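Note that numbering that gives the first Met the number 0 has the sequence shown beginning at 0, numbered continuously upward.
Yeah, the Cβ is synthetic: ideal placement off N, Cα and C, and Gly gets one too.
All values derive from a computational prediction rather than experimental measurement.
Have a look at the structure below before the remarks.
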Amino acid sequence: MIRVVIADDQPLVRAGLAALIGSEDDIEVVGVAADGVEALELAVSLAPDVACLDIRMPGLDGIEVASRLCGPDADPAIPVLILTTFDIDDYVFRALEAGVSGFLLKDSDPDEIIRAIRSVAEGHGTLDRTLTRRVVDEYVQRRRLQPVTAARAVELLTAREREILLLLARA
């Protein structure tokens with residue numbers, strides 16, 4: 000049984016998610032929170048398999064809660080799936096940097112949300128399909144901006160550039 004905590008500041012969304020998620024035979028909603036502080040307390044005390052968090056919540060936002068639940072200092076770490084209406088790049092990247100295992104938009108198909116919960120509970124990651132290209136582009140851009148070390152220099156050169164450098168070194 001996958002145990003889930005849900006946190007969202009909108010009562011209708013909380014109730015809808017709890018009904019959707021709780022209707023699955025292999026998933027149990029063990030706690031529901033209306034703000035970030037309550038979400039953190041519930042997750043720490045109940046130790047769910049997945050915490051489904053909204054980003055914008057009173058008290059602590061979902062990213063701060065996530066960093067405490069699944070960031071590098073979390074012990075034990077609780078996997079987090081962000082469910083939000085905001086596909087703002089800064090939110091996506093901050094959430095991923097905080098250590099979340101998944102990021103979905105609330106307009107996702109209900110079956111996709113259930114699949115994401117199962118995937119996160121199994122230790123896998125999931126990302127809303129509309130965000131994938133932006134995340135990949137950002138990753139590539141960040142890699143390009145990293146300092147060039149001797150080890151990385153070889154990867155950055157074309158075969159012809161490496162050939163020319165070898166010829167120059169022999170001269």
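Sufficient close CB pairs (3 or more, under 8 angstroms) joining the region 151-166 to the region 117-134: no
Could you check which residue in Ile5, Ala14, Leu19 has the C-alpha nearest to that of Glu37? Ile5
Which term fits Val3, buried or exposed, when burial requires 16 or more other beta carbons within 10 angstroms of its beta carbon? buried
Where DSSP assigns a beta bridge to Leu126, which residues make up the other side? Phe102
Could you give the DSSP three-state label for Arg117: helix, strand or coil? helix
Pull up the distance between the alpha-carbon of Leu126 and that of Asp24, whole angstroms please. 24 angstroms
Is the number of C-beta pairs between the region 38-51 and the region 72-85 that are closer than 8 angstroms three or more? yes
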